[in-house]
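The structure under discussion appears below in the form of structure tokens.
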């Protein structure tokens with residue numbers, strides 16, 4: 001593993017507890033299925049996918065000094081992820097996420113990222129104390145940031161000199177947290193990765209599809225925006241125009257983590273120098289394979 005990471009992944013690093021059923025479900029149902037616990041969180045999902053593209057990500061987040069935190073750090077290390085810049089806090093429990101999926105659709109989910117919120121800007125210390133950079137010599141590579149960070153921390157990132165030279169890649173984490181990204185919408189080095197619902201929340205509009213949503217974000221001041229529309233389309237817009245890619249038809253087996261896979265595959269493609277149209281297509285195909293379960297180990 002390289003001593004210097006290829007990319008920093010800042011945000012939620014936690015345990016995912018996912019229940020999946022092959023049967024149709026609605027709220028209140030009790031159906032047979034499978035329950036798994038696996039490393040998750042937006043920042044960690046992105047990092048795991050980047051690792052599959054032979055990149056070395058460093059995780060910037062917090063875990064508790066508890067059995068769950070130690071297990072999670074060990075699991076991340078075995079996957080080849082850099083964890084030495086993680087904050088370990090004895091006073092905070094390791095965060096968790098719980099979801100129920102049926103036939104590849106999300107029925108309900110709860111994100112318990114309270115420790116990440118409580119840690120606040122303390123997780124950013126390695127970017128300013130010399131381990132990964134200083135205000136005078138800031139980090140110059142890509143940084144994936146998720147909306148599980150508080151709005152106050154995201155607002156600090158927007159103006160903090162330690163991020164002045166970084167290539168910022170932003171994901172809301174969920175529609176309920178999309179508006180936390182508002183302080184970074186106009187950042188000249190930021191790329192937004194959102195779905196149609198999140199784009200609507202950020203723009204205050206009701207875009208009819210991925211193309212119009214991506215253009216609405218550019219009109220709202222975004223430097224670049226990628227918008228996914230489930231199995232219908234994905235769009236990438238910037239000052240030079242808008243590109244649209246249609247995903248292949250698949251049978252969905254899972255949904256949690258699909259957006260993170262899309263984002264990571266797109267970042268990996270661009271870091272390899274792939275052009276924007278092809279990078280968008282690679283991201284769409286990677287997300288489709290994930291949803292179909294084709295990339296299962």
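Residue numbers (the UniProt record's numbering): 1 to 297.
Built from N, CA and C at the ideal position, the CB exists for glycine as well.
The beta carbon of residue 113 is closer than 6 angstroms to those of 12, 95, 148 in its chain, skipping five residues each way along the sequence. Residue environment: residue 255 is assigned as buried (16 or more neighbouring CB atoms within 10 Å of its CB, all protein chains considered). Ranking 30, 19, 20, 14 by CA distance to the CA of residue 40 puts 14 first. Judged by DSSP in its simplified three-state form, residue 73 adopts helix. One thing to note: residue 221 has its Cβ no nearer than 7 angstroms to the Cβ of residue 257. Per DSSP, residue 25 is not a residue of any beta strand (DSSP E), being assigned neither H nor E.
About 20 angstroms separates the beta carbon of residue 189 from that of residue 152, a gap too long to meet the 8 angstroms contact definition. Look at the region 29-74 and you find these whole runs of beta strand (DSSP E), each 3 residues long or longer: 34-40, 57-60, 62-64. C-alpha of residue 173 to C-alpha of residue 247: approximately 21 angstroms in a straight line.
Between the region 71-82 and the region 44-55 there are three or more inter-stretch CB-CB distances shorter than 8 angstroms, so the stretches are counted as touching.
Residue 137 sits exposed, since fewer than 16 C-beta atoms from the chains shown fall within 10 Å of its C-beta. Residue 294 is classed as exposed because its beta carbon has fewer than 16 other beta carbons within 10 Å across all chains shown. Every alpha helix (DSSP H) stretch that sits fully inside the region 191-259 and reaches 4 residues is listed by chain position as 196-203, 210-219. Straight across, the Cα-Cα distance linking residue 245 with residue 169 is about 20 angstroms. Straight-line spacing of the CA atoms in residue 250 and residue 242 works out to 25 angstroms. Comparing C-alpha distances from residue 74 to each of 38, 213, 200 shows the shortest one belongs to 38. Residue environment analysis places residue 123 among the buried positions, since at least 16 neighbouring C-beta atoms fall within 10 angstroms of its C-beta.
Annotation for residue 167: the continuous beta strand (DSSP E) segment containing it runs 167-171. As the crow flies, the alpha-carbon of residue 163 is around 15 angstroms from that of residue 146.
Leaving aside the five residues that flank residue 135 on each side, the residues in its chain whose CB is nearer than 7 angstroms to its CB run, in chain order, 128, 161, 162. Under a 10 Å Cβ-count criterion, residue 84 is classified as exposed, with fewer than 16 other Cβ atoms of the shown protein chains found around its own Cβ.
In the displayed model, residue 8 falls within a strand according to three-state DSSP. Under the three-state reduction of DSSP output, residue 156 falls in the helix class. Under the three-state reduction of DSSP, residue 272 is assigned to coil, being neither helix nor strand.
Excluding residues up to 5 positions away in sequence, 63, 88, 94 lie with their Cβ nearer than 7 angstroms to the Cβ of residue 69 in the same chain. In this structure, residue 5 sits near residue 58, with a CB-CB distance shorter than 7 angstroms. Annotation for residue 214: 225, 227, 235, 237, 242 place their beta carbon closer than 6 angstroms to its own, counting only its chain and skipping 5 residues before and after. 7 angstroms or more divides the Cβ of residue 61 from the Cβ of residue 98. In this chain, the alpha helix (DSSP H) harbouring residue 119 covers 114-119.
DSSP places residue 122 in the helix class (H, G or I) of the three-state scheme.
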